[in-house]
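See below for the structure under consideration.
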Amino acid sequence: DMHQTKKGNEWHFGMKAHIGVDAKSGLTHTLVTTAANEHDLNQLKNLLHGEEEFASGDAGYQGASMREELQDTNVEWLIAERPGKVRALKKHPRKNKTAINIEYLKASIRAKVEHPFRIIKCQFGFIKARYKGLMKNDSQLAMLFTLANLFKVDQMLRRQPRSI
């Protein structure tokens, strides 16, 4: 079931939705929901479909390349540095220009993963979990991410020129 966890100096009760997103299309291919107190790395193996050439993640996924269950995957990891380390790099911008640019590049690639969350929050109004149990919320999120995929496909089809 759902649990509470501390982030910074605040306590949060709830759940996490981990998603796997296709790099080319931006469509969600995998959804895993967990209690809020479970670490992101524990679900990383479930988010991979096996045909990835690279995987991108935020700082919560650091150490992914060293996980025992992920050793057999042939994936290039693009994991962001922790915010404190990026802040330290920005103190000497000329000296660390390459490292800062690499972090910006990682963030721009990773932004594609955040787009389905924007769709379910802004387009469908999903702000917070409606139910107390993980199973009901998982069902609702599965439906919302499926609808987000349909929304995204509709956007892609509307951009294509029509043939008569």
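For the sequence shown, the positions run 1 to 164 when full-length UniProt numbering is used. Every residue gets a Cβ at the ideal spot worked out from N, C-alpha and C, and that includes glycine. All figures in this text were calculated on a predicted structure; none of them were measured in a lab.
- Where S139 is concerned, the enclosing alpha helix (DSSP H) starts and stops at 134–159.
- Taking a cut-off of 8 angstroms for Cβ pairs, the stretch 120–130 and the stretch 94–104 do not touch, as fewer than three such pairs fall below it.
- Here the stretch 26–40 makes contact with the stretch 144–156; the two share three or more CB pairs at distances below 8 angstroms.
- Contact annotation: the stretch 45–62 touches the stretch 74–81, with at least three C-beta pairs closer than 8 angstroms.
- G50 has its alpha-carbon roughly 28 angstroms from the corresponding atom of K136.
- Where V113 is concerned, the enclosing alpha helix (DSSP H) starts and stops at 97–118.
- Annotation for K90: the continuous alpha helix (DSSP H) segment containing it runs 83–90.
- In this structure, K6 lies away from A36, with their beta-carbon atoms at least 7 angstroms apart.
- Look at S65 here: in three-state DSSP terms it is helix.
- Per DSSP, reduced to three states, the secondary structure at L31 is strand.
- Taking 8 angstroms as the upper bound for CB-CB distance, I19 and V86 are not in contact here, some 23 angstroms apart.
- DSSP places K16 inside the beta strand (DSSP E), whose first and last residues are 10–21.
- According to the DSSP assignment, L78 belongs to the beta strand (DSSP E) that extends over 76–79.
- Listed as beta-bridge partners of T5 by DSSP are H12.
- Beta-bridge partners assigned by DSSP to F54: E76.
- Burial check for A88: the Cβ neighbour count within 10 Å stays below 16, so the residue is exposed.
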